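Enquirer:
Numbering (UniProt numbering), first residue to last: 1 to 143.
Here is the structure:
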């Protein structure tokens, strides 16, 4: 499969980083200020880390397949299942939590903003590493 040269605009790159950092920071500040036990905080923190890793890994696997880079079927499904499980764990945790509905919504939105941010940042990093265009050598170096 032929690779497409993808140019990442600086604006999209900045917005992606802002979404990732904003989502993660909001989620963590919410955990820090929440009146919950340490084990609950640890659960929500671990779910965030699992979700971020699963989303980035799943996006990379899809991108590898799109570009014709071989990936195993089992790894693809492991990434997909881990991504789904992380969302399920957050939903089950929030469903059973003794939090206000507004707090539950806050954690859900911050989590999904973080997932969007990590996928967009990983895409931008991958596009930045894709060097399909030839390097331009200055004329004084060519001599």
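Backbone N, C-alpha and C define an ideal beta-carbon position, used for all residues, glycine too.
Computed from a predicted structure; not experimentally measured.
1. Tell me where the alpha helix (DSSP H) around residue 92 begins and ends.
2. Within 10 angstroms of its Cβ, does residue 88 collect 16 or more other Cβ (buried), or is it exposed?
3. Assuming residue 8 contacts residue 128 under a Cβ cut-off of 8 Å, what Cβ separation, rounded to an integer in Å, is found between them?
4. Tell me, to the nearest whole angstrom, how far the beta carbon of residue 72 is from that of residue 54; I am working on the premise that it is less than 8 Å.
5. Whole angstroms is fine: what's the gap from residue 110's alpha carbon to residue 27's?
6. Using the C-alpha atoms, what's the distance from residue 51 back to residue 76?
7. Quick check on DSSP: helix, strand or coil for residue 103?
Expert: So, to answer that:
1. Looking at the DSSP string, the run of the alpha helix (DSSP H) that includes residue 92 is 73-96.
2. An exposed status is given to residue 88, since fewer than 16 other beta-carbon atoms sit within 10 Å of its beta-carbon.
3. Going by Cβ atoms, the distance from residue 8 to residue 128 rounds to 6 Å, so yes, they are a contact pair.
4. The Cβ separation is near 17 Å, so there is no contact.
5. Spanning the alpha carbons of residue 110 and residue 27 requires a straight line of approximately 5 Å.
6. Rounded to whole angstroms, residue 76 to residue 51 spans 15 Å at the Cα level.
7. In the structure shown, residue 103 sits in a helix (DSSP, three-state: H, G or I).
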